[in-house]
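Counting from 9, one number per residue, gives the positions in the sequence shown under our numbering.
Just so you know, even glycine gets a beta-carbon here, dropped at the ideal spot from N, CA and C.
For reference, the structure is listed below as structure tokens.
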Amino acid sequence: MFRFSDYLRICRENKGVTQTELVDELIAADSVFHSLDATTLSRWERGVSKPALSKQTLIIKYFSNHFGRVYPFLEEAEPIKIEKSFCAIGFSKMLGRHKMVMDFPTQSMDINLFRIQLFQDSSHQQTAVRKNYLILKELYGSNFSEQQHQMLAEHPANYFSICDYMGDYYGHFFALKLTTVAFEKVINFSITIDQLTLDDIAAQDEVGSYYYFGFFSIGEVVISLIWINFYTHLIKEQKRVRNLGATIVTKEGETIAKNMNTENTCSIEVGGQTISSFQATPAQMLITENIVKMLFNPESCPELH
């Protein structure tokens, strides 16, 4: 896992300021640092002591704003290194319960044997597409056909990951990379997801917004690994992502949306059912105390002890 002490030093050195200069800048940026001095900052960089989680988050926000990207320099690391830095158990607790996460006892399974693969690399493509089709049918009464699902799944700009364990399907996560115009229409209920076409999908190298299109998991460990894979992807691809969002019909879904620091945009009533939309920027979702804790505080992760 990454350590906050190392990350703090790397960001400061790349900014080209001394410890004393950084202290002055942090104090000017937020009054919470009013008592900070260079001696304390030095102790933080050497790992002798560590600031409270709230201050770690503020410092990371400060560097992210200065360098114009979320988690500067971290996004340059290999995806596997970022993934291994996340605490899977911590992610599971952050997400909470959901009807699309089964109670299969995956805790006793070897976590190193789970493989998160992109759709095009998986042998469980049909299983995942079929499962997602049934989920949308159950939750939204969607008129999307399996063939339409298949076309969207095969589009290289969309994000579709599938979990494999020793040759068996264990779950998936599907997000559409919509054009910014199409995303706003869906989030504001100007159009329904049934009306989306391939023309509404942003190109791979184009700035777009991710719309969560369905997920399923056999157990808590699996959904944590699936989300960690997506968060890693988001850190790496942040320059091409404007917003992220979903339309939600369940209380469990609302809880997850709020835990991920997304905001309720609007709600409508359809056939006696309330549908709410939630959205956030990559920075809103990624720079939270929960994420900072899982990325930079290995001592707080039970699975590492």
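Item to check | Validate contact between the segment 86-103 and the segment 37-55 using beta carbons, cut 8 Å, 3 pairs | outcome: Because the criterion of three Cβ pairs below 8 Å is not met, the segment 86-103 and the segment 37-55 do not touch.
Next on the checklist: Can you look up residue 62 in the DSSP assignment and give me helix, strand or coil?
Outcome noted: In the structure shown, residue 62 adopts helical secondary structure according to DSSP, grouped into three states.
Next on the checklist: Taking a contact to mean a Cβ-Cβ separation below 8 Å, would you say residue 222 touches residue 294 in this structure?
Outcome noted: Contact flag unset, no.
Next on the checklist: Does residue 129 come out as helix, strand or coil in the three-state DSSP assignment?
Outcome noted: Here residue 129 sits in helix by DSSP.
Next on the checklist: Report the CB separation of residue 287 from residue 262 in whole angstroms; it is logged as a contact under 8 Å.
Outcome noted: Contact doesn't hold; Cβ gap of about 13 Å is too wide.
Next on the checklist: Buried or exposed, going by whether 16 or more other CB atoms sit within 10 Å of the CB of residue 140?
Outcome noted: Buried, by the Cβ-count rule.
Checklist entry - For the 8 Å Cβ check, are there 3 or more pairs between the segment 71-83 and the segment 48-61? => result No contact exists between the segment 71-83 and the segment 48-61.
Checklist entry - Would you say residue 296 and residue 285 are within 8 Å of each other, going by their C-beta atoms? => result No.
Checklist entry - What does a CB cutoff of less than 8 Å around residue 281 pick up in its chain, not counting 5 residues either side in sequence? => result Close CB contacts of residue 281 within its chain, under the 8 Å cut and outside five residues either way in sequence, are with 257 (chain order).
Checklist entry - I think residue 229 touches residue 114, with their Cβ atoms under 8 Å apart; what is that distance to the nearest whole Å? => result Right, their Cβ atoms sit about 4 Å apart.
Item to check | Start-end ranges of the beta strand (DSSP E) lying completely within the segment 168-221, minimum 3 residues | outcome: Counting only runs of 3 or more, we get 176-186.
Checklist entry - For residue 88 versus residue 237, is the C-beta spacing smaller than 8 Å? => result Going by C-beta atoms, residue 88 is not nearer than 8 Å to residue 237.
Checklist entry - With C-beta atoms as the reference, is residue 179 less than 8 Å away from residue 219? => result Going by beta carbons, residue 179 and residue 219 fall outside the 8 Å limit.
Checklist entry - Between which two residues does the beta strand (DSSP E) containing residue 281 stretch? => result In this chain, the beta strand (DSSP E) harbouring residue 281 covers 281-288.
Next on the checklist: What does the Cβ neighbour count give for residue 174, buried or exposed, with the cut at 16 atoms within 10 Å?
Outcome noted: Result: exposed.
Checklist entry - Quick one: any contact between the segment 19-31 and the segment 76-86, if contact means 3 or more CB pairs under 8 Å? => result Judged by Cβ distances under 8 Å, the segment 19-31 makes contact with the segment 76-86, as three or more pairs qualify.
Next on the checklist: For residue 242, count the other beta carbons within 10 Å of its own beta carbon; 16 or more makes it buried, fewer makes it exposed. Which is it?
Outcome noted: Buried, because 16 or more other Cβ atoms sit within 10 Å of the Cβ of residue 242.
Item to check | Outcome for residue 121 when other beta-carbon atoms lying within 10 angstroms are tallied against a minimum of 16 | outcome: Exposed.
Checklist entry - Whose C-beta lies closer than 8 Å to the C-beta of residue 100 among residues of the same chain, with five residues either side of it excluded? => result Around residue 100: 228, 229, 231 and 232.
Checklist entry - By Cβ distance below 7 Å, which residues in the same chain neighbour residue 300 in space, the five residues on each side in sequence not counted? => result Excluding positions up to five away in sequence, the list reads 61, 64, 65 and 68.
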